[in-house]
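J.:
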Amino acid sequence: MKFFDLLRLVAGNLTRRKARVALTAVGVVIGTAAVVVLVSLASGLRQSASEQLYGIGDLTLIQVSPSYGGEGMYMGGGGAISSPSDVKLLTNSALEDFRAIPGVESVIPREYLMSSALIKFQKLEMYPNIIGIGTNDVADLGDTTDRGSTELGRGSIVIGVTVPQSFYDPNLRPGKEPPPPPDLFNQQVQMVVFKYDSEGHETRKNIALRVTGVLKETRGESDWAIYMPLEQVKLLNEWSQNRRFNYNKDGYSMAIVKVTDANQAMEVADQITAMGFQAYTPQSFLEGINNFFIILQVIFGGVGAIALLVAAIGIANTMAMSILERTREIGLMKAVGATNRDVLAIFLGEAAGIGFLGGLGGIAVGWLASQAINILASIYMANQAGQQGSGLPSVAAVIPLWLPVFALVFSTLVGMLSGLYPALRAATMVPVLALKYE
Amino acid sequence: MGGQVVRALDNVDVEIEEGTFTVVMGPSGSGKSTLLYLLGGLDRATSGEISIEGERLDQMDENALALFRRRTMGFVFQSFNLIPSMDALENVGFPMQFAGTNAKQRKIRAQELLAQVGLENRADHRPSELSGGQQQRVAIARALVNAPKLILADEPTGNLDTSSGSAVMRVLSDLHKAGRTVLVVTHDPRMTHFATHRIYLLDGRVVGEAEYESAALEALQIE
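Those protein sequence lines, which keep their order, are chains A and B. Under this note's numbering, the first residue of the first sequence is numbered 1, with each subsequent residue one higher. Under this note's numbering, the first residue of the second sequence is numbered 1001, with each subsequent residue one higher.
1. Would you mind working out which of A/Phe3, A/Leu38, A/Gly132 sits nearest glycine 455 of chain A, comparing C-alpha positions?
2. Start and end of the alpha helix (DSSP H) containing asparagine 1063 of chain B?
3. At the level of alpha carbons, what is the spacing between glutamate 1015 of chain B and phenylalanine 3 of chain A?
4. In the region 1135 to 1213 of chain B, which residue ranges form an unbroken beta strand (DSSP E) of at least 3 residues, counting only runs that do not cross its ends?
5. Run through DSSP, which three-state label would tyrosine 421 of chain A get?
6. Shortest alpha-carbon distance to aspartate 183 of chain A belongs to which of A/Val214, A/Met275, A/Asp143?
7. Say whether chain A places a C-beta atom closer than 8 Å to the C-beta of alanine 1147 of chain B.
8. Return the residues of the region 1 to 29 of chain A that lie within a Cβ-Cβ distance of less than 9 Å from chain B, sorted by chain order.
9. Give me the subset of the region 1042 to 1065 of chain B whose CB atoms are less than 7 Å from a CB atom of chain A, sorted by chain position.
10. Can you tell me which residues form a DSSP beta bridge with glycine 353 of chain A?
11. Less than 8 Å between CB atoms is the rule here; does serine 1077 of chain B satisfy it with respect to chain A?
12. In the DSSP output, which residue or residues are listed as bridge partners for aspartate 137 of chain A?
13. Whole angstroms are fine: how far does the CA of leucine 417 of chain A sit from the CA of glycine 389 of chain A?
14. Could you check what DSSP says for glutamate 438 of chain A in three-state terms: helix, strand or coil?
15. On the criterion of 16 or more Cβ atoms from any shown chain inside 10 Å, does leucine 1036 of chain B qualify as buried, or is it exposed?
16. Could you check whether valine 64 of chain A and glutamine 283 of chain A sit closer than 8 Å to each other, using their CB atoms as the reference points?
17. Grab me the residues of phenylalanine 300 of chain A's own chain with a C-beta within less than 7 Å of its C-beta, minus the 5 sequence neighbours each way, in chain order.
18. With which residues is glutamine 278 of chain A paired in a DSSP beta bridge?
19. Are any of the Cβ atoms in chain B nearer than 8 Å to that of leucine 332 of chain A?
20. Can you look up proline 109 of chain A in the DSSP assignment and give me helix, strand or coil?
21. Going along chain B, which residues have a C-beta under 8 Å from glutamate 329 of chain A?
22. Compute the beta-carbon to beta-carbon distance between proline 1095 of chain B and arginine 1142 of chain B, rounded to the nearest angstrom, for a pair I have assumed lies under 8 Å.
23. Taking the Cβ atom as the reference point for each residue, do arginine 99 of chain A and tyrosine 252 of chain A lie within a distance shorter than 8 Å?
24. Roughly how many whole angstroms lie between the Cα atoms of glycine 153 of chain A and leucine 368 of chain A?
25. Can you have a look at leucine 7 of chain A and say buried or exposed, based on whether 16 or more other CB atoms are within 10 angstroms of its CB?
26. Within a Cβ cutoff of 6 Å, which residues of the same chain sit near arginine 46 of chain A, ignoring the five residues on either side of it in sequence?
27. Which residues does DSSP list as the beta-bridge partners of arginine 99 of chain A?
28. Mapping DSSP to helix, strand and coil, what is arginine 204 of chain A?
29. Taking the CB atoms as reference points, tell me whether glutamate 464 of chain A and proline 170 of chain A lie closer together than 8 Å.
30. Give me the Cα-Cα distance between valine 259 of chain A and alanine 139 of chain A, rounded to the nearest whole angstrom.
31. So what does DSSP say about serine 1051 of chain B, is it helix, strand or coil?
32. If you follow the alpha helix (DSSP H) that serine 240 of chain A is part of, which residue opens it and which one closes it?
33. Starting from the Cα of leucine 209 of chain A, find the closest Cα among A/Thr150, A/Phe121, A/Asp261, A/Leu235 and give me that residue.
34. Per DSSP, valine 259 of chain A forms a beta bridge with which residues?
35. From the DSSP output, in three-state form, read off leucine 1114 of chain B for me.
36. Are the region 1072 to 1091 of chain B and the region 1057 to 1064 of chain B touching, with three or more C-beta to C-beta distances below 8 Å?
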């Protein structure tokens, strides 16, 4: 039997009992739509998560922290002793080792300010997140500026875009409007650094700083950071901690390793980990996030598949009924020379056809439903955004391209599988009994 | 079945020559339909041999039997067995789908055969729009579609009135005259006028005409 003839025959047979086929297909429509909607929701969650994580940082950057031994560093066989050789400090020579790894573009040490500090501007103040970096250009970290330059010099700072929002008026009377965030570009600000002796006496140090650059939004750590030259942070730390820091001996508290190609980041990070340090790339985090959402998609898809299972039972029932009604027709087909395979193909084709039709309908319904969800979500989000004034994800449900294709193939397969038993029964009927069936 | 012996044909020994018109007669339960279905490969014998043109039907598997039916045989049934959703033309062409004939050739051949049974102007009618006699002629056209050597008809006039029955008999007779082998199982004594050979069956046995007549008479007397 030719494939095209088979298709036409199957289509003709399906249109013979339109109402029954339609009702059976409705089950498949519901199941497929459930799969489409749930998986598109999971995809939407994944997309908005990665949108939010987009600013997690430049994918070419690896954060490296020193390792102080401990977990995972036990010597095999012997006692669980963490020997001094397990301690890996970010000394200058360690940084040199990193620079020697192929694919590494630059290695930049960084330090936090170790004491509490306050930044004052006019009558406003804020608690800053001061980061000292071992380069005179913030651009080395992959950041660019909105205004001003990325270059750092003594007495100058480059700030993240949301830093001005942290300013508040300490003398604000209750009930009064808080002041708008100040425009700090090219302004002089006062930094006050505090230190306390063992008796709790406070000493202050005032430093005048000029904002020479405002960074572009990254939605990452640097949005809230104030970058200073490392040397200056080191001096302030030495003053507040009353000790000297020797980076050749004590190491830095963190280093940023920048690779030339984002694809190498994982590999380089693994090498650094193998050297005994703790390396972290946004990529490994992203991978974890992705895995989580793939699992979520599978679980959501599975929930939808339960609806499809119910539909499959419906198809099996419809086909069993149909075969019972058409027993004599099956007998006739065999009498005029249809082989068992021909009969099997016809009835499997009909079952698959119901699945296919239901799948088409389900994709349409699922698509409409996810559009509706998106419209509802965007209305809700718009309200939320109005209150918070920040960008929230624009979509809730996303239908990836593979989803309709997968849904159609899957629903057709479900139809075929549920038609398998009835079709096999039809194919193996004894012709004479089928012909005499009343 | 309640201890009774169920005998669907038993001790039959029949030979049918090519080019004959054979009528099989016998009372209900004599096994005449079973004989026809066994010859057509639609039923399987539990013992004995069936061969057509030297090919042993009882030794074929299902697939081979299906192919053999397609090539060699055309069936005509008492209840026509037309497919209600197809028009006359499609019904006639239906068996050729399994033979893999393309749609254009199917149409030409089906039109030809409908003309042969005098229904060329009923090609687009569905079975429900045709009389019993017309339906049976469509069914005969369908039986001819793969140019079979052997036509097997099971009570072809059983559901028809006298005149449509006669028309069907004439069509079958014409087929015989055109060189085909025809085997008809029937109750209808008029069919014997067209036949070249007659087989009388009683309880699965082939009997002579005299014995058959006397058995029929006996049955009448009991009534």
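Positions of the beta carbon are idealized from the N, C-alpha and C atoms, including for glycine. Note that the structure is a prediction, hence the values are computed from the model and not measured.
T.: Looking at the atomic coordinates:
1. As displayed, chain A neither begins before 1 nor continues past 438, which places residue 455 of chain A out of reach and without an answer.
2. 1062 to 1072
3. 40 Å
4. 1150 to 1154, 1181 to 1186, 1197 to 1202, 1205 to 1207
5. helix
6. A/Val214
7. no
8. Going along the region 1 to 29 of chain A in chain order, one finds Met1, Lys2, Phe4, Asp5, Leu6, Arg8, Leu9, Gly12, Asn13, Thr15, Arg16 with a Cβ nearer than 9 Å to chain B.
9. So the close ones are Leu1042, Asp1043, Glu1062, Asn1063.
10. In the DSSP output, where bridge partners are listed per residue, glycine 353 of chain A has none listed.
11. Looking at the sequence provided, one finds phenylalanine at residue 1077 of chain B rather than serine. Chain A, which has a Cβ nearer than 8 Å to the Cβ of phenylalanine 1077 of chain B, makes this yes.
12. A/Glu151
13. Its pLDDT being 47, under 50, glycine 389 of chain A is placed unreliably by the model, and the measurement read from it follows with that caveat. Going by the C-alpha atoms only, they are around 52 Å apart.
14. coil
15. Here leucine 1036 of chain B is buried, its C-beta having at least 16 other C-beta atoms within 10 Å.
16. no
17. Same-chain partners within the cutoff: Leu38, Val39, Leu41, Ala42.
18. A/Ser65
19. Yes - at least one Cβ of chain B is within 8 Å of the one on leucine 332 of chain A.
20. strand
21. Asn1081, Ile1083
22. 6 Å
23. At the C-beta level, arginine 99 of chain A and tyrosine 252 of chain A stay beyond 8 Å of one another.
24. A straight-line Cα-Cα distance of about 57 Å links glycine 153 of chain A and leucine 368 of chain A.
25. Classification for leucine 7 of chain A: exposed.
26. Phe293
27. For arginine 99 of chain A, which the question treats as bridged, DSSP gives no partner whatsoever.
28. strand
29. Residue 464 of chain A cannot be examined here, being either before or after the span of chain A that is shown, 1 to 438.
30. 14 Å
31. strand
32. 230 to 241
33. When each option's Cα is compared against that of leucine 209 of chain A, the closest is A/Phe121.
34. A/Val104
35. helix
36. no
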